[in-house]
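Here the structure is laid out as structure tokens; the discussion comes afterwards.
As structure tokens, then:
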């Protein structure tokens, strides 16, 4: 964590900022180690301050030992106002896409010595490139997803509902040491399988259905995401044809992926195959 803070302070220097107020819980965890969902972190000129409430005090002391911890009783901003101008600095950036307007106005009122400057994307400059430990965590999140899928496939039989399978997915994710699902599992069957982000329903699986499973696991703060299409019983000729078109598009995109290639360029590789198969209008 200390190396990340050091690199962030270097970025702040180039941006002519004394400090950065971090309000996105994912970024707070990335910089301090604190995984609670309620708090603020101020990366000051010399110290890192973590502000949360009494529910997370013990957790914060364990997870963020390198941060100066403040427990707020009457609001996070009000607690931060107890810091001296020397500790906070005078030009303070904040995450504009995450901080509410109400909180911003409170900052202006309670820390009036500071100039508050909207700055998005500063933490992302660091987090976009993963180190070896982060990559290991992502790989484990993916492996958990693979193990969950292996357990779920035998359950896909006529008579079971989408909701039943979603519940089994959630249980299996936690059973395999994940912190939890990275998002609400999507289970869409039969005619509902054409909806990429369908909400789980009580529809009963029937023979001949295609079923979309879309789920992921979080391992130590890093998420996986997998989508699989499976058939209940033997797929029809048309189902197999469409499946194989998508598979060819996926394999071509994987083969083309390389450093320096834009997302739009990679999308075009897969999209071209689908369009040439006359399914372009169905691809969004």
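Residue numbers (this note's numbering): 1014 to 1297.
Ideal Cβ placement from N, Cα and C applies to all residues, glycine included.
This structure is a prediction, so every number in the text was calculated from the model and none was measured.
Near residue i, what residues of its chain come up, given a Cβ to Cβ distance below 6 Å and the 5 sequence neighbours on each side ignored?
i	result
residue 1241	1226
residue 1174	1215, 1217
residue 1124	1094
residue 1296	1287
Using CA coordinates, which residue listed in the options is at the minimum distance from residue i?
i	options	result
residue 1129	1095, 1255, 1273, 1031	1031
residue 1197	1211, 1203, 1204	1211
residue 1071	1121, 1084, 1169	1084
residue 1057	1067, 1050, 1107	1107
residue 1026	1053, 1037, 1052, 1059	1059
residue 1118	1286, 1276, 1090, 1203	1090
To which residues of the same chain is residue i closer than 8 Å at the C-beta, ignoring the five residues directly before and after it?
i	result
residue 1283	1262, 1263, 1265, 1266
residue 1103	1031, 1126, 1127, 1128
residue 1161	1182, 1185, 1186, 1189, 1228, 1230
residue 1234	1039, 1042, 1043, 1048, 1150, 1192
residue 1208	1201
So residue i and residue j are in contact, right, with Cβ under 8 Å, and what is the actual spacing, rounded?
i	j	result
residue 1191	residue 1244	That belief does not hold up - the Cβ atoms of residue 1191 and residue 1244 are roughly 27 Å apart, past 8 Å.
residue 1178	residue 1200	5 Å
Would the beta-carbon of residue i fall within 9 Å of that of residue j?
i	j	result
residue 1082	residue 1064	yes
residue 1249	residue 1221	yes
residue 1045	residue 1079	yes
residue 1014	residue 1077	yes
residue 1154	residue 1048	no
residue 1101	residue 1135	no
residue 1105	residue 1033	yes
residue 1051	residue 1066	yes
residue 1224	residue 1206	yes
Is any heavy atom of the ligand GTP found at a distance shorter than 8 Å from the C-beta of residue i?
i	result
residue 1101	Looking for the ligand GTP in the displayed structure turns up nothing, as the structure carries no ligands at all.
DSSP three-state call for residue i: helix, strand or coil?
i	result
residue 1174	strand
residue 1242	strand
residue 1194	strand
residue 1128	strand
residue 1155	helix
residue 1216	coil
residue 1141	coil
residue 1106	strand
residue 1207	helix
residue 1015	helix
residue 1277	helix
residue 1235	strand
residue 1296	helix
residue 1067	helix
Near residue i, which residues of its chain fall below 7 Å by C-beta distance, leaving aside the five closest residues on each side in sequence?
i	result
residue 1139	1017, 1020, 1021
residue 1024	1135, 1138
residue 1112	1036
residue 1110	1133
residue 1168	1178, 1181
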